[in-house]
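Chains as they are written, first to last, in the numbering used here: chain A, 22 to 242; chain B, 22 to 242.
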């Protein structure tokens, strides 16, 4: 799923609340409506929107009741700073089924054994969460350093550019090598607007075109 | 900023496009309107919303033109899976000013020196980005493992619970120890609804209350 699509979905409080409910177990429409205190028609509209993107799916049970459940396993990351705005959505992959530890056998229930297993899984979950948090902290530290470097870049960019278009092009290229099309997309300007400032930056030996992975990309010289 | 507040802001395409523009340099209203092909009145409305949350701020220059710029340095992470829905926004901290490398001195411009510095900063930026990506990949792997463990938990929870409320309570407590209030918030149900299933889960020796950091929290036994 595209990040913008996911942000459109998550931009509505009712849809966020629906996702929150479905993250604990499958629900049917009137159950959600009652729980959230929102009319079933409105809930159905949100469910349809969520279903269209593939984030949730419906399954009808034996009593012909339509239950909705979350099908995706997504991580969305948005980073906003004075110098950058990036977003990224990726699918978090689970292990293939065969490698998974074995599930409860369908025999007579032995509660004490189930509870013991749950306890073990619970400990495992906490350990994973603490490792996840460590990595997140390290990542945030690096993101802070990146903002520092970008702040520094902006100062030096001001020393070499002659106008706003040059400043924007240089900042964009600095964050990531670009071809004309991606540059135009990222700046929201048609390509012909950028030809003149790009030529000028090239003539002054600030940027150039380079072959990277079979693409002609603009980079710092 | 609250994650929900940030998601409300990012749920609109025009506001996302405004943030995208401001992430390259400060802009004034009519410039943004022209660039995005949206009426200045609508743009102003979005800018006011963005300003209210503190994400952007306006500064009037000598020509009395009001320029908007991003003031925050935020990272938003949202994770959606069949078993969990979490979101978190944190402020990415920059280094204190004094530790920063020195900026260009305000003397006669020496382009070649500026370009050389930019080149160095650019390399630094790419190295940071590649380390950031490595950490992100490791984190996604752990998030996948967490989903696996939660899927496994769900199966075992089904073995011990007797109804939906018990299932939801157990799943919530398993993800994180809870007091009555946080449990009620996270499940969107009043506390008195949960008293009976909690008592039943306690009586059957599945959950209990424990003192953690001076708070009485429900955890797995």
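All C-beta atoms in this analysis are idealised placements derived from N, C-alpha and C, irrespective of residue type, glycine included.
Beta-bridge partners of residue i, as assigned by DSSP
i	result
residue 266 of chain B	Here chain B comprises residues numbered 22 to 242, so residue 266 of chain B is not present and cannot be evaluated.
residue 98 of chain B	A:98 and B:109
residue 77 of chain A	A:91
residue 199 of chain B	B:239
Spatially closest choice to residue i from the options, by CA coordinates
i	options	result
residue 56 of chain B	A:115, A:171, A:147 and A:207	A:207
residue 227 of chain B	A:44, A:184 and A:132	A:132
residue 142 of chain A	B:171, B:135 and B:149	B:171
residue 24 of chain A	B:22, B:76 and B:28	B:28
residue 177 of chain B	A:154, A:166, A:137 and A:202	A:137
residue 84 of chain A	A:49, A:147 and A:64	A:49
residue 145 of chain B	A:98, A:168, A:158 and A:237	A:168
residue 94 of chain B	A:54, A:163 and A:197	A:163
residue 195 of chain B	A:41, A:45, A:33 and A:66	A:45
residue 161 of chain B	A:152, A:140 and A:211	A:152
residue 111 of chain B	B:236, B:26, B:150 and B:156	B:26
residue 103 of chain B	A:43, A:63 and A:101	A:43
Residue i Cβ short of 8 Å to the ligand NAD heavy atom set
i	result
residue 169 of chain A	In the structure on display, the ligand NAD does not appear, and there are no ligands present to speak of.
Simplified DSSP assignment, three categories, for residue i
i	result
residue 59 of chain B	coil
residue 70 of chain A	helix
residue 155 of chain A	helix
residue 92 of chain A	coil
residue 19 of chain A	Only positions 22 to 242 of chain A appear in the structure, and residue 19 of chain A is not among them; the question remains open.
residue 41 of chain B	helix
residue 165 of chain A	helix
residue 227 of chain B	coil
residue 213 of chain A	helix
residue 148 of chain A	helix
residue 182 of chain B	coil
residue 83 of chain A	coil
residue 116 of chain A	coil
residue 103 of chain B	coil
residue 29 of chain B	helix
residue 22 of chain A	coil
residue 132 of chain A	helix
Partners in chain A for residue i, counting only beta-carbon separations shorter than 7 Å
i	result
residue 41 of chain B	106
Listed by chain order, chain B residues near residue i by CB distance under 9 Å
i	result
residue 90 of chain A	103
residue 266 of chain A	Residue 266 of chain A lies beyond the range of chain A shown here (22 to 242); nothing can be said about it.
residue 225 of chain A	132 and 136
residue 37 of chain A	25, 28, 106 and 108
Neighbouring residues, chain A, relative to residue i (Cβ below 8 Å)
i	result
residue 54 of chain B	Those do not exist, as residue 54 of chain B stays about 13 Å from chain A at its closest Cβ, beyond 8 Å.
residue 239 of chain B	The premise fails here: residue 239 of chain B is roughly 12 Å from chain A at the closest Cβ pair, so nothing lies under 8 Å.
residue 79 of chain B	Per Cβ cutoff of 8 Å: no residues; residue 79 of chain B is ~14 Å from chain A at best.
Contact under 9 Å by Cβ, residue i with residue j
i	j	result
residue 250 of chain A	residue 38 of chain B	Any property of residue 250 of chain A remains undetermined from this structure, which presents chain A solely from 22 to 242.
residue 107 of chain B	residue 99 of chain B	yes
residue 47 of chain A	residue 90 of chain A	yes
residue 192 of chain B	residue 201 of chain B	no
residue 140 of chain A	residue 241 of chain B	yes
residue 233 of chain B	residue 190 of chain B	no
residue 239 of chain A	residue 198 of chain A	yes
9 Å Cβ cut-off: residues of chain A touching residue i
i	result
residue 193 of chain B	45
residue 200 of chain B	Per Cβ cutoff of 9 Å: no residues; residue 200 of chain B is ~17 Å from chain A at best.
7 Å Cβ cut-off: residues of chain B touching residue i
i	result
residue 213 of chain A	By Cβ distance, chain B contributes nothing, its closest Cβ being about 16 Å from residue 213 of chain A, past 7 Å.
Amino acids of chain B, ordered along the chain, whose beta-carbon sits closer than 8 Å to that of residue i
i	result
residue 170 of chain A	142, 145, 146 and 149
residue 185 of chain A	46
residue 153 of chain A	160, 163, 164 and 167
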